[in-house]
Structures are given as C-alpha cells and as structure tokens.
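Those protein sequence lines, which keep their order, are chains A and B. Going letter by letter, the first sequence gives residues 716 to 827 in this note's numbering. Going letter by letter, the second sequence gives residues 36 to 147 in this note's numbering. Note that beta-carbon positions come from the ideal geometry of N, C-alpha and C, so glycine has one too. In this text the structure is predicted, and so the values were computed from the model without any measurement. These notes are about the structure you will find just below.
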Amino acid sequence: DGGITQSPKYLFRKEGQNVTLSCEQNLNHDAMYWYRQDPGQGLRLIYYSQIVNDFQKGDIAEGYSVSREKKESFPLTVTSAQKNPTAFYLCASSIEAAQPQHFGDGTRLSIL
Amino acid sequence: GQQLNQSPQSMFIQEGEDVSMNCTSSSIFNTWLWYKQDPGEGPVLLIALYKAGELTSNGRLTAQFGITRKDSFLNISASIPSDVGIYFCAGKRSNAGNMLTFGGGTRLMVKP
Numbered sequence: 716d717g718g719i720t721q722s723p724k725y726l727f728r729k730e731g732q733n734v735t736l737s738c739e740q741n742l743n744h745d746a747m748y749w750y751r752q753d754p755g756q757g758l759r760l761i762y763y764s765q766i767v768n769d770f771q772k773g774d775i776a777e778g779y780s781v782s783r784e785k786k787e788s789f790p791l792t793v794t795s796a797q798k799n800p801t802a803f804y805l806c807a808s809s810i811e812a813a814q815p816q817h818f819g820d821g822t823r824l825s826i827l
Numbered sequence: 036g037q038q039l040n041q042s043p044q045s046m047f048i049q050e051g052e053d054v055s056m057n058c059t060s061s062s063i064f065n066t067w068l069w070y071k072q073d074p075g076e077g078p079v080l081l082i083a084l085y086k087a088g089e090l091t092s093n094g095r096l097t098a099q100f101g102i103t104r105k106d107s108f109l110n111i112s113a114s115i116p117s118d119v120g121i122y123f124c125a126g127k128r129s130n131a132g133n134m135l136t137f138g139g140g141t142r143l144m145v146k147p
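Set out below in structure tokens:
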C-alpha cells in the first residue's frame with residue numbers, strides 16, 4: 716500500500732543527545748514537510764522540501780535539521796540545541812507544494 | 036506564522052445532533068483544507084476547497100469556502116460516536132509559498 720511511514724512511533728531521548736526521526740513515502744510525492752504538535756495546539760511547520768536536495772526553514776526551525784538526499788526520504792534530526800523537544804512530530808507529503816498534504820501517523824518524542 | 040482562529044475549541048454533543056465549526060483570518064486564502072485527527076495518529080484530509088463560495092460535501096460532512104476568502108465552515112450532520120476527534124482547518128495563501136497555516140483545532144466529543 717502507498718503511504719507515509721514514520722518511525723519509531725515512540726522515542727525517548729536523554730538530554731544533550733541528538734535524535735533522528737524517520738519519514739519515508741512511496742507516493743512519488745515531490746514535496747515533504749515536518750510539523751510539531753504540542754498538546755491542545757495546532758501544527759507548526761519546522762522544515763519543508765519541495766524537491767530533492769532542497770529544503771527550507773519553516774516557522775520553528777531552530778534546534779532542528781533535515782536532509783533530502785532521496786525523493787522518498789526526509790529525516791528530521793532534533794538536536795541538543797532544541798531546549799523543549801518533547802512533542803508529537805508529524806511528517807507530511809504532497810504531489811507538489813500547491814496540492815493538499817497527507818500525513819504520517821507521527822512520532823512522539825519524550826525526554827528522559 | 037500566525038494560526039487561524041478556529042472555533043469552538045471544543046464541543047460535547049449528543050449523538051444525532053448536527054455540528055458546525057469555523058475558521059477565520061484577517062488574511063485572504065486561496066485554498067482551505069479540513070482535516071480530522073484521531074488520538075495518537077496523523078491528520079486525515081476530509082475536504083479541500085479551492086474557490087470562494089465553493090460548497091463541497093463528503094458523506095455527512097459539508098464544508099464551504101467563505102465568499103470573502105477569509106473564512107471557512109465545516110458542518111457534520113447527524114453525528115455518530117466515531118466522529119469523535121480533533122478537526123483542524125488549514126489554509127494556503129498565495130503569497131506564502133503555498134505553505135499551510137493551521138487552526139488550533141476543534142475537539143469534538145459525542146455522547147451516545
């Protein structure tokens with residue numbers, strides 16, 4: 716089945732560590748996105764990529780990094796510089812930037 | 036980026052009742068999207084709207100693109116227990132790189 720796969724579902728990080736969240740899609744979509752969701756709030760854009768080997772900062776990029784070496788993959792690294800990383804992270808993709816986005820099932824990151 | 040003003044924040048209704056929620060903004064949007072999110076999962080696209088005044092249905096759901104292009108409405112008729120979840124509106128502005136701006140969500144609870 717085609718879709719967006721995020722892994723792991725739950726992730727724990729020690730303070731001072733970097734962690735990488737995986738996002739893979741087999742929909743042949745050009746555009747991919749990372750959002751952060753805090754309890755009771757909407758989604759905020761971290762980074763987005765409209766095409767392979769290119770990505771742009773979203774509204775809350777500080778403390779995060781991404782890469783887009785392959786069309787189907789858009790991993791997000793939460794660095795130690797992100798002081799409040801506990802959140803639900805959602806990856807999305809769309810055929811192109813102007814088309815509706817479809818979401819994965821998210822990764823919940825917690826700090827030990 | 037600014038969030039859309041979505042209301043109400045939460046609703047607790049009896050099964051069988053109709054539901055109405057809306058999103059407003061001071062900015063003009065060229066696309067409105069409505070998503071539903073179940074606990075621990077990613078949002079699922081319900082309806083996409085592309086023209087001012089457009090009225091689109093998806094089963095018991097009906098959404099409208101406001102004529103001023105600054106608002107959108109979602110109605111659910113004859114609610115059932117599986118309608119429970121968080122409903123998000125999202126809009127795209129043509130001068131914002133086609134990025135989505137999300138509302139804060141409406142949490143719907145249905146009493147059987």
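Supposed contact pair residue j and residue i - C-beta distance, whole angstroms, cut 8 Å
i: B:Ser114; j: B:Val54; result: 6 Å
i: B:Gly77; j: A:Asp769; result: Going by Cβ atoms, the distance from B:Gly77 to A:Asp769 rounds to 24 Å, so no, they are not a contact pair.
i: B:Ile82; j: B:Ala98; result: 4 Å
i: A:Asp774; j: A:Leu760; result: 5 Å
Neighbour flag for residue i against chain B, beta carbons, 8 Å
i: A:Leu742; result: no
i: A:Tyr762; result: no
i: A:Phe818; result: yes
i: A:Pro723; result: no
i: A:Leu678; result: Examination of residue 678 of chain A is not possible in this model, given that chain A is present from 716 through 827 alone.
i: A:Gly821; result: yes
i: A:Ala796; result: no
i: A:Pro790; result: no
Distance, residue j Cα to residue i Cα
i: B:Lys86; j: B:Asn65; result: 7 Å
i: A:Ile826; j: A:Arg728; result: 5 Å
i: A:Phe789; j: A:Gln771; result: 12 Å
i: A:Lys798; j: B:Arg95; result: 43 Å
i: A:Phe818; j: A:Ala807; result: 4 Å
i: B:Tyr70; j: A:Gly778; result: 28 Å
i: A:Leu742; j: A:Thr720; result: 11 Å
i: A:Gly731; j: A:Asp753; result: 21 Å
i: A:Val781; j: B:Asp73; result: 27 Å
i: A:Leu805; j: A:Lys786; result: 18 Å
i: A:Glu784; j: A:Glu739; result: 12 Å
Chain A contact for residue i (CB, 8 Å cutoff)
i: B:Ala83; result: yes
i: B:Glu89; result: no
i: B:Gly140; result: yes
i: B:Met134; result: yes
i: B:Pro43; result: no
i: B:Phe137; result: yes
i: B:Thr97; result: no
i: B:Leu109; result: no
i: B:Gly36; result: For B:Gly36, the predicted structure reports a pLDDT of 48, less than 50, and the residue's modelled location is therefore unreliable. The matter cannot be settled from this model.
i: B:Glu50; result: no
Cβ neighbours of residue i in the same chain (closer than 7 Å, five flanking residues each side left out)
i: B:Glu50; result: Ser114, Ile115, Pro116, Val145, Lys146, Pro147
i: B:Val119; result: Leu143, Met144, Val145
i: B:Val100; result: It should be noted that the sequence gives Phe, not Val, for residue 100 of chain B. Correct list, in chain order: Trp67, Leu84, Lys86, Ala87, Gly88, Glu89, Ser107.
i: A:Ile766; result: Asp745
Neighbourhood of residue i by C-beta distance below 6 Å, restricted to the same chain and skipping five residues each side
i: A:Arg823; result: Tyr725, Phe803
i: B:Ser45; result: Arg142
Heavy atom of the ligand PLP within 7 Å of residue i beta-carbon
i: A:Ser780; result: In the structure shown, the ligand PLP is absent, as is every other ligand, since no ligand is present at all.
Cβ neighbours of residue i in the same chain (closer than 8 Å, five flanking residues each side left out)
i: A:Pro815; result: Ser809
key: Length at least 3, wholly inside the stretch 67 to 120 of chain B: the beta strand (DSSP E) runs in chain order   = Given a length threshold of 3 residues, each whole run of the beta strand (DSSP E) inside the stretch 67 to 120 of chain B is given here in chain order: 79 to 84, 90 to 93, 96 to 100, 106 to 111.
ask   = Can you list, in chain order, the stretches of the beta strand (DSSP E) that have 3 or more residues and sit fully within the stretch 734 to 797 of chain A?
value = Counting only runs of at least 3 residues, the stretch 734 to 797 of chain A fully encloses the following beta strand (DSSP E) elements, listed from N- to C-terminal order: 734 to 740, 746 to 752, 758 to 766, 769 to 772, 779 to 781, 791 to 793.
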